[in-house]
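First up is the structure itself, then whatever we jot down about it.
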Amino acid sequence: MNATALLSAAKDGILTGAVYALMASGLTLIFGVMDIINLAQGTFVVLAAYLSYALQVHWHIDLFVGLLITTPAMFIIGVVIERVFIARLKGPDRTGMSILVTYAVWLLIEGTLDLVFSSNDVQLQGWYVPKSFTIGAIHFGYIYVAGFLLAALLLGALYFMLYRTRFGVSVRASLADQTSAALVGIDVKRVSTITFGLGAAVTAAGGMIYGATNAFNASSSYDLISRLLTIIVLGGMGSLGGALLAGIVMVFIGDMVGVIWSPIWSTTAYFVVLVLVLLWRPQGLFGKVQARVA
Amino acid sequence: MKLLSKNLGWVVFFAALALFPLVVTNPFYTSIGVYALLFMASATSWNMFSGYSGYIALGSAVFFGVGAYTEALLALHWHVPANGNLFWLVPLGGIIATAFAVPIGWISLRVRRHTFVVITIAVFFIFQLSAINFSFTGGSSGLALPYITWSAADFNNPFYYAGLILVVFITLVSAFVRRSRFGLQLLAIRDDEDRAMGLGVQVTAIKITGFTMSAFAIGCAGAIYALFQGQIYPQFVFDPTFDVSVALMVFLGGIGTLAGPLLGALVLESAQQYLTATYSNNSLYLLLFGGLFLIVIMFMPQGVVPFVRDKLTKRTDLERAAVAANDVSSPSPVAPSTPTEVTA
Numbered sequence: 012m013n014a015t016a017l018l019s020a021a022k023d024g025i026l027t028g029a030v031y032a033l034m035a036s037g038l039t040l041i042f043g044v045m046d047i048i049n050l051a052q053g054t055f056v057v058l059a060a061y062l063s064y065a066l067q068v069h070w071h072i073d074l075f076v077g078l079l080i081t082t083p084a085m086f087i088i089g090v091v092i093e094r095v096f097i098a099r100l101k102g103p104d105r106t107g108m109s110i111l112v113t114y115a116v117w118l119l120i121e122g123t124l125d126l127v128f129s130s131n132d133v134q135l136q137g138w139y140v141p142k143s144f145t146i147g148a149i150h151f152g153y154i155y156v157a158g159f160l161l162a163a164l165l166l167g168a169l170y171f172m173l174y175r176t177r178f179g180v181s182v183r184a185s186l187a188d189q190t191s192a193a194l195v196g197i198d199v200k201r202v203s204t205i206t207f208g209l210g211a212a213v214t215a216a217g218g219m220i221y222g223a224t225n226a227f228n229a230s231s232s233y234d235l236i237s238r239l240l241t242i243i244v245l246g247g248m249g250s251l252g253g254a255l256l257a258g259i260v261m262v263f264i265g266d267m268v269g270v271i272w273s274p275i276w277s278t279t280a281y282f283v284v285l286v287l288v289l290l291w292r293p294q295g296l297f298g299k300v301q302a303r304v305a
Numbered sequence: 054m055k056l057l058s059k060n061l062g063w064v065v066f067f068a069a070l071a072l073f074p075l076v077v078t079n080p081f082y083t084s085i086g087v088y089a090l091l092f093m094a095s096a097t098s099w100n101m102f103s104g105y106s107g108y109i110a111l112g113s114a115v116f117f118g119v120g121a122y123t124e125a126l127l128a129l130h131w132h133v134p135a136n137g138n139l140f141w142l143v144p145l146g147g148i149i150a151t152a153f154a155v156p157i158g159w160i161s162l163r164v165r166r167h168t169f170v171v172i173t174i175a176v177f178f179i180f181q182l183s184a185i186n187f188s189f190t191g192g193s194s195g196l197a198l199p200y201i202t203w204s205a206a207d208f209n210n211p212f213y214y215a216g217l218i219l220v221v222f223i224t225l226v227s228a229f230v231r232r233s234r235f236g237l238q239l240l241a242i243r244d245d246e247d248r249a250m251g252l253g254v255q256v257t258a259i260k261i262t263g264f265t266m267s268a269f270a271i272g273c274a275g276a277i278y279a280l281f282q283g284q285i286y287p288q289f290v291f292d293p294t295f296d297v298s299v300a301l302m303v304f305l306g307g308i309g310t311l312a313g314p315l316l317g318a319l320v321l322e323s324a325q326q327y328l329t330a331t332y333s334n335n336s337l338y339l340l341l342f343g344g345l346f347l348i349v350i351m352f353m354p355q356g357v358v359p360f361v362r363d364k365l366t367k368r369t370d371l372e373r374a375a376v377a378a379n380d381v382s383s384p385s386p387v388a389p390s391t392p393t394e395v396t397a
């Protein structure tokens, strides 16, 4: 094994892993605040990618400019889904029910996308998509670097919002304990709705980068959601930093195994590592040990 | 006689299933029947662990796939002739699936519920990718089983009855578990795991046992599926939609009940087979499935069977439990009909 391969895998891990972490950040926030496992997160990414695609094909809007439209659009879609379906779930088995409801939402979105865009693979285009520059012996694709910067910016903004704003305090209070948060006057319902909206909104940028770097169709959501779920479990549910580290680890392991052994074992190796890590730390890398609630 | 009259509904139900291929001889419908029975067995088996314990497993396709590959590999390596003898391998498929379930359960049940869901998904992908990448599984081109040359007219019947035997078997096991001490312990884990542990239930051992038991019938169903198809591919026997379909069928019918999974699987699998055969459009099926699913969750979150039962008897589970408790404590022939009357 040579140093270039290692560096190249590390580069892929950091650049692409950050984008996965961005998509997963919505999932981990939603789980942390609301105890909701949003299986539809993968299909949100695909939906966002198709929105960018539609804007590009029909109105010739550049992918990055299009984010100004798709981000608010995904936010609104998230808010509506939360209000109509998620907010109604009550009772002790809320988390279990959320898996089913979001799965049904996933099927509806996937079916609609399949109907509208057919099941042929598409990929987002732009003059910068095929271009790259080289430092040393390592190639940097423009779109990958842009994706990393965008993900870093948005994750930074989320972090700032969580830890430096009044709304962030409410979110973290709801994360820690919903009942107590409500007792000190936090509108937990509103916080939940906005969090779900934000979780969907981050998929706009994530989906655009995903769509520009991968050929996709409506059923790409299966692969995406399994990766996103394992990222938040590996990182520890509710932890943004954990999601970032897990995203990078996932892509890095896949690349390394691909170089050293064979690309066909890349994904398998990552899942094996995930299972091994959970044997050692069931709560994930940055997760807190679950205390007894109620 | 009392046993018979008490379970008359069940007898009629299984008798109807047994008579179905004799009345409806069209292979198009009997083949739908085979798939429906395989899913009824899988859903009942899934419910026996996930329904009773509340641990939602989304990786049961692992057992289905292991069963299917066991059937195919044994048939090929032991040179089993292409006739009814192939069916003797079906229980072996179930046993190998059960053997795989022990380490999987040991690993995945160390964590709490929500993480458990994700680990079952991860384990599923490890198996699917391995089946695609190893050479002894035939890779992505799969394996071809011995070619059975029965007449086309009643080709489906042996598979149908094998499926029916499996359904009857797993329904009896599930009913027995439901009434046993072991089943009560699973239910206690579902209701409050910490309290169950405090009361002395060996939660980890019970969970792993339940998880392992649920693998057997799903493995058998996979083996019958492999025989019926004659050719297996990794992406169809290790199918992520199998994982969610089974869970969906159970939730639709009524999780934790005995009739729910059977009914849910019968309706959904028949509808799916019929729709895919009639319209080759996948998106229509997804929309229909998703829409139906949402309606059920929103309006009858406990599933169709408990919903209808409550409507018919105008009682909820809680009231029924109160009445049952009264029946036991008061031997008087005039049993009070509602708990309110008792307190008055």
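Residue numbers (my numbering), protein chains in the order written: chain A, 12 to 305; chain B, 54 to 397.
We put the beta carbon where it would ideally sit given N, CA and C, even for glycine.
When Cβ atoms are compared, which residues of the stretch 107–125 of chain A fall closer than 9 Å to chain B? Taking 9 Å as the Cβ-Cβ cut-off against chain B, the residues of the stretch 107–125 of chain A that qualify are Gly107, Met108, Ile110, Leu111, Val112, Tyr114, Ala115, Val116, Trp117, Leu118, Leu119, Ile120, Glu121, Gly122, Thr123, Leu124 and Asp125.
Which residues in chain A have a C-beta closer than 7 Å to the C-beta of B:Pro354? List them in chain order. The residue you call residue 354 of chain B lines up with position 301 of the second sequence. Correct list: Met108.
Residue environment, B:Gln181, which counts as buried when at least 16 other CB atoms sit within 10 Å: As a working mapping, residue 181 of chain B is identified with position 128 in the second sequence. Around the CB of B:Gln181, 16 or more other CB atoms lie within 10 Å, so the residue is classed as buried.
How about A:Gly247 and A:Phe297: do their beta carbons lie closer than 7 Å? One-based indexing of the first sequence puts residue 247 of chain A at position 236. One-based indexing of the first sequence puts residue 297 of chain A at position 286. Contact: yes.
Comparing C-alpha positions only, which one of A:Lys101, A:Gly158, A:Ser181 and A:Thr206 sits nearest to A:Phe75? Within the first sequence, residue 75 of chain A is the residue found at index 64, counting from 1. Here the closest residue by C-alpha is A:Gly158.
Any Cβ of chain B within less than 7 Å of the Cβ of A:Val288? The residue you call residue 288 of chain A lines up with position 277 of the first sequence. No, A:Val288 lies away from the interface with chain B (no Cβ there is under 7 Å from its Cβ).
Boundaries of the beta strand (DSSP E) in which A:Ile149 is found, first to last residue: Numbered from 1 along the first sequence, position 138 holds the residue referred to as residue 149 of chain A. Unbroken beta strand (DSSP E) run through A:Ile149: Ile149 to Gly152.
Check the DSSP bridge columns for A:Leu256 and list the partner residues they point to. Residue numbering aside, residue 256 of chain A sits at position 245 when the first sequence is read from its first letter. Answer is none; A:Leu256 lacks a bridge partner.
Give the straight-line distance between the Cα atoms of A:Asp125 and B:Ala125, rounded to the nearest whole angstrom. Your numbering for residue 125 of chain A matches position 114 in the first sequence. Your numbering for residue 125 of chain B matches position 72 in the second sequence. So the alpha carbons of these two residues sit roughly 34 Å apart.
Extent of the continuous alpha helix (DSSP H) run through A:Ile146: Taking the first sequence and counting its residues from 1, the one referred to as residue 146 of chain A is at position 135. Counted as a single uninterrupted DSSP element, the stretch harbouring A:Ile146 is not any alpha helix (DSSP H) but the beta strand (DSSP E) occupying residues Ser143 to Ile146.
Can you have a look at B:Thr366 and say buried or exposed, based on whether 16 or more other CB atoms are within 10 angstroms of its CB? Residue numbering aside, residue 366 of chain B sits at position 313 when the second sequence is read from its first letter. The Cβ neighbour count for B:Thr366, taken over all protein chains shown within 10 Å, is under 16; the residue is labelled exposed.
Within the continuous alpha helix (DSSP H) that includes A:Trp117, where are the two ends? Along the first sequence, read from residue 1 onward, the residue named residue 117 of chain A stands at position 106. Counting along the chain, the alpha helix (DSSP H) containing A:Trp117 begins and ends at Arg105 to Phe128.
Quick check: is any heavy atom of the ligand COA less than 6 Å from the C-beta of B:Ser183? Of ligands this structure carries none, so the ligand COA is not represented either.
Within the continuous alpha helix (DSSP H) that includes A:Gln134, where are the two ends? Here residue 134 of chain A refers to the residue found at position 123 when the first sequence is read from its first residue. Looking at the DSSP string, A:Gln134 is not in any alpha helix (DSSP H), and its letter there is neither H nor E.
Does chain B have any CB closer than 7 Å to the CB of A:Pro293? Locating residue 293 of chain A in the first sequence gives position 282, where the first residue counts as 1. It does; some Cβ of chain B falls within 7 Å.
From what residue to what residue does the alpha helix (DSSP H) around B:Tyr332 run? Along the second sequence, read from residue 1 onward, the residue named residue 332 of chain B stands at position 279. In this chain, B:Tyr332 is not harboured by any alpha helix (DSSP H), its DSSP state being neither H nor E.
Rounded to the nearest angstrom, how far is the Cβ of A:Phe207 from that of A:Ile97, given a contact under 8 Å? Here residue 207 of chain A refers to the residue found at position 196 when the first sequence is read from its first residue. Here residue 97 of chain A refers to the residue found at position 86 when the first sequence is read from its first residue. At roughly 7 Å, the Cβ-Cβ gap stays under 8 Å, so A:Phe207 and A:Ile97 are in contact.
What in chain B is Cβ-close to A:Tyr233, meaning under 7 Å? Locating residue 233 of chain A in the first sequence gives position 222, where the first residue counts as 1. Result: Pro293.
First through last residue of the alpha helix (DSSP H) which encompasses A:His71: Numbered from 1 along the first sequence, position 60 holds the residue referred to as residue 71 of chain A. Here A:His71 belongs to no alpha helix (DSSP H), and DSSP marks it neither H nor E.
If distances are taken between C-alpha atoms only, which option among B:Val297, B:Leu315, B:Leu339 and B:Gly343 comes closest to B:Val357? Taking the second sequence and counting its residues from 1, the one referred to as residue 357 of chain B is at position 304. Of the listed residues, the one whose Cα sits closest to B:Val357 is B:Leu315.
A:Ala51 - DSSP class collapsed to helix/strand/coil: If you number the first sequence from 1, residue 51 of chain A lands on position 40. A:Ala51 falls in the coil class under three-state DSSP.
Name the one or two DSSP bridge partners that B:Ala197 has. Indexing the second sequence from 1 puts residue 197 of chain B at position 144. Under the DSSP definition of a beta bridge, B:Ala197 partners with B:Gln284.
Simplified DSSP state of B:Phe66, which is helix, strand or coil: Locating residue 66 of chain B in the second sequence gives position 13, where the first residue counts as 1. If DSSP states are grouped into helix, strand and coil, B:Phe66 belongs with the helices.
Answer with buried or exposed for B:Leu198, where buried requires no fewer than 16 other C-beta atoms within 10 angstroms of its C-beta. Your numbering for residue 198 of chain B matches position 145 in the second sequence. Looking at its Cβ environment, which holds 16 or more other Cβ atoms inside 10 Å, B:Leu198 is buried.
Neighbour flag for A:Leu38 against chain B, beta carbons, 7 Å: Looking up residue 38 of chain A in the first sequence gives position 27. No, A:Leu38 lies away from the interface with chain B (no Cβ there is under 7 Å from its Cβ).
Measure from the alpha carbon of A:Thr224 to the alpha carbon of each residue in A:Met172, A:Leu245 and A:Gly152, then state which is nearest. By one-based count along the first sequence, residue 224 of chain A stands at place 213. Proximity to A:Thr224 across A:Met172, A:Leu245 and A:Gly152 peaks at A:Gly152, based on C-alpha coordinates.
Taking Cβ positions only, does A:Thr278 come closer than 7 Å to chain B? Taking the first residue of the first sequence as position 1, residue 278 of chain A is located at position 267. Answer yes: the Cβ-Cβ gap between A:Thr278 and chain B drops below 7 Å somewhere.
Can you find a C-beta in chain B that's less than 7 Å from the C-beta of A:Ile242? To locate residue 242 of chain A, count along the first sequence from 1; it is residue 231. By this cut-off, A:Ile242 is not an interface position.
Compute the Euclidean distance between the alpha carbons of B:Phe281 and B:Tyr122, then round it to the nearest angstrom. Locating residue 281 of chain B in the second sequence gives position 228, counting from the first residue. Locating residue 122 of chain B in the second sequence gives position 69, counting from the first residue. Looking at the backbone, the Cα of B:Phe281 and that of B:Tyr122 are separated by about 13 Å.
If the cut is a Cβ gap below 9 Å, which residues of chain B does A:Phe207 touch? One-based indexing of the first sequence puts residue 207 of chain A at position 196. The contacting residues do not exist; A:Phe207 stays about 17 Å from chain B at best.
Taking only beta-carbon atoms, is A:Ser237 less than 7 Å away from chain B? Position 226 of the first sequence, counted from the start, is the residue given in the question as residue 237 of chain A. A:Ser237 counts as touching chain B.
Assuming B:Tyr105 and B:Leu239 form a contact by the criterion Cβ under 8 Å, report the distance between their Cβ atoms to the nearest whole angstrom. Within the second sequence, the letter at position 52 stands for residue 105 of chain B. Within the second sequence, the letter at position 186 stands for residue 239 of chain B. B:Tyr105 to B:Leu239, Cβ: 4 Å. Contact.
What is the DSSP secondary structure of B:Phe187, reduced to helix, strand or coil? Looking up residue 187 of chain B in the second sequence gives position 134. Coil at B:Phe187, not helix or strand.
Are the beta-carbon atoms of A:Leu314 and B:Gly343 separated by less than 7 Å? Absent from the structure is residue 314 of chain A, since the part of chain A shown begins at 12 and ends at 305.
Assuming A:Ser232 contacts A:Gly53 (C-beta within less than 8 Å), just tell me the rounded distance between them. For the purposes of this step, residue 232 of chain A is taken as residue 221 along the first sequence, with counting starting at 1. For the purposes of this step, residue 53 of chain A is taken as residue 42 along the first sequence, with counting starting at 1. Cβ-Cβ separation between A:Ser232 and A:Gly53: approximately 4 Å, consistent with a contact (criterion under 8 Å).
Which of helix, strand or coil does DSSP assign to B:Phe5? For residue 5 of chain B there is no data in the structure shown, the boundaries of chain B being 54 and 397.
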